[in-house]
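Working notes, beginning with the structure itself.
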Ligand SMILES: Cc1cc2nc3c(=O)[nH]c(=O)nc-3n(C[C@H](O)[C@H](O)[C@H](O)COP(=O)(O)OP(=O)(O)OC[C@H]3O[C@@H](n4cnc5c(N)ncnc54)[C@H](O)[C@@H]3O)c2cc1C
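Residue numbers (our numbering): 1 to 497.
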């Protein structure tokens, strides 16, 4: 049970209850409100005669989470019934994650999750609610459209405003309108997003970890004020340019140059495989100066000499934009330098943030494939009209999958807890990314086997996840590069060269 202080702590969660009749006038009184709701809810705010806006405290979040397992309207009625003794007819109930944001409707219960070993018992109510918010968003908004977007090779841009409203961008950063989630909450959000599609999770990772994070950590006050609120609200999109055509795993070799001339920098060079490249308003570009030190620069999309072009023909991450960037005599103001960092530490610290989210995200892709395989195996009948799940060879695959998902969950949670306590080492994050993306890639392939021929069409999600995971396995440090990071940590010997 949370203590009194926890109970009183305000959260970022709220409910909006809409009634078909006018709410009783006495509900407008804060004192009365407290008495009616048995101190579960903090005072409500009436927006008009039919709506009540309730900010939830920690205990209310717990209560809401419990109630939320039932049908949405029943939940709303129950909550409303607590508030108004004479009952009322509830039209709808909305839940929002961040105060001041537009609320969203609570739909029917969705994906049940995968929890073999009481993993959920280790999560706080707020962590579960963050996951549920992302889960519902994916079920309602992404899954109905993802196949079409994947087929057409199109990023679902229409989802950006709602993701912003739900606080997904820069979710774990402080201030500037960010949701200020813990690292575990943020990880659970990326898990759910990638259960939908790795492309959408990639968008959120780039926006949050590779663009907002470096501006937040290394930018000037003016850069933060200008860009962070826009990026958080999804009114600006960012991209991160580190990889070059000749330098991927070894970014230290980069050829892009930034030469200081008076109060400007002149950038020349090329970047490759850049997520969001053609849709970004601002690019974080990593370039070497005359002193050979790597620094970060903010390059705005319309800067003369800056060009972004889409990479076509991808068989992976089709619902994500991937681009090449070219900078030719590209002049930017000197104040666009990110002054707070020099050397590879700059881009690598951003990658650490993003890799952390990927480690969780991969669990989501694995869960989607496992869920599809399990359901299919129970329904598909072969040989004497028995489900294929009745065969030991099929069960062996399903058991391997759930075992690996379970191990991956505990690994992610421990890395997240260490990160929240400021005790995580980059090699911990390497292990998370390396292991979890590998296990998701294996599970996607195994799930495709279980689905037989049906597994190769995009009505089933498994082949899309399988193809996506090929990119995820390679980007943000390939699987083998992470092995080398961990190898260096345990032996003290770098084996990169
Ligand atoms: C869809 C997608 C989106 C991306 N988005 C971005 C982005 O937004 N921004 C960005 O900057 N980059 C992005 N990347 C680039 C990505 O980070 C690189 O592809 C990755 O770092 C690997 O580089 P590479 O492809 O050049 O492979 P290489 O570095 O050429 O590696 C090829 C192979 O050699 C192996 N290898 C390399 N060096 C060693 C070694 N020392 N020992 C053992 N094996 C080694 C690798 O493990 C790999 O298997 C993206 C890539 C993809 C596919």
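No residue lacks a Cβ here, since even glycine has one placed at the ideal position from N, Cα and C.
- Residue 308 sits in a strand when the DSSP states are folded into three classes.
- Across the set 492, 483 and 400, the C-alpha of 483 shows the shortest separation from the C-alpha of residue 249.
- Under the 10 Å beta carbon count, residue 392 is surrounded by fewer than 16 other beta carbons and is classified as exposed.
- About 21 Å separates the beta carbon of residue 162 from that of residue 128, a gap too long to meet the 8 Å contact definition.
- Listed as beta-bridge partners of residue 382 by DSSP are 386.
- In the DSSP annotation of this structure, the continuous segment of the alpha helix (DSSP H) that includes residue 427 starts and ends at 426-450.
- Under the three-state reduction of DSSP output, residue 423 falls in the coil class, being neither helix nor strand.
- Below 8 Å, too few C-beta pairs join the segment 399-406 and the segment 141-161 to call them touching: fewer than three.
- The residues 270 and 272, in chain order, have a CB closer than 7 Å to that of residue 245 in the same chain once the five nearest residues on each side in sequence are set aside.
- In this chain, the beta strand (DSSP E) harbouring residue 297 covers 294-300.
- Sixteen is the threshold: since fewer than 16 other Cβ atoms of the shown chains lie within 10 Å of the Cβ of residue 339, the residue is exposed.
- Beta-bridge partners assigned by DSSP to residue 265: 260 and 332.
- In the three-state reduction of the DSSP assignment, residue 344 falls in the coil class.
- Within 8 Å of the C-beta of residue 272 there is at least one heavy atom belonging to ligand 1.
- Closest in alpha carbon position to residue 296, among 239, 319, 320 and 247, is 239.
- Between residue 179 and the set 212, 143 and 385, the nearest pair of CA atoms involves 212.
- In this structure, ligand 1 has a non-hydrogen atom nearer than 8 Å to the beta-carbon of residue 247.
- Straight across, the Cα-Cα distance linking residue 164 with residue 225 is about 17 Å.
- Using a 10 angstroms sphere on the CB of residue 333, the tally of other CB atoms stays under 16, which defines it as exposed.
- Assignment of beta-bridge partners to residue 462 by DSSP yields no partner.
- Its Cα nearest to that of residue 167, the residue 185 stands out among 152, 185, 478 and 153.
- Going by DSSP, residue 196 is part of the alpha helix (DSSP H) stretching over 183-196.
- Bounds of the alpha helix (DSSP H) holding residue 485 are 479-491.
- Linking residue 326 to residue 316 through their CA atoms gives a straight-line distance of about 23 Å.
- Counting the other Cβ atoms within 10 Å of the Cβ of residue 174 gives fewer than 16, which makes it exposed.
- Its chain contains 182, 183 and 184 as the residues whose beta carbon lies nearer than 8 Å to that of residue 420, once the 5 sequence neighbours on both sides are disregarded; these appear in chain order.
- Here the alpha carbon of residue 495 sits roughly 7 Å from the alpha carbon of residue 488.
- In terms of CA proximity to residue 365, 447 leads the group 474, 447 and 288.
- Under the three-state reduction of DSSP, residue 132 is assigned to helix.
- In the structure shown, the three-state DSSP call for residue 180 is coil.
- In this structure, the CA atom of residue 377 is about 15 Å from the CA atom of residue 461.
- For residue 238, the three-state secondary structure derived from DSSP is strand.
- Annotation for residue 496 indicates a beta carbon within 8 Å of some heavy atom of ligand 1.
- Taking residue 337 as reference, the option from 410, 263, 302 and 133 with the minimal CA-CA separation is 263.
- In this structure, residue 376 has its CB at a distance of at least 8 Å from all heavy atoms of ligand 1.
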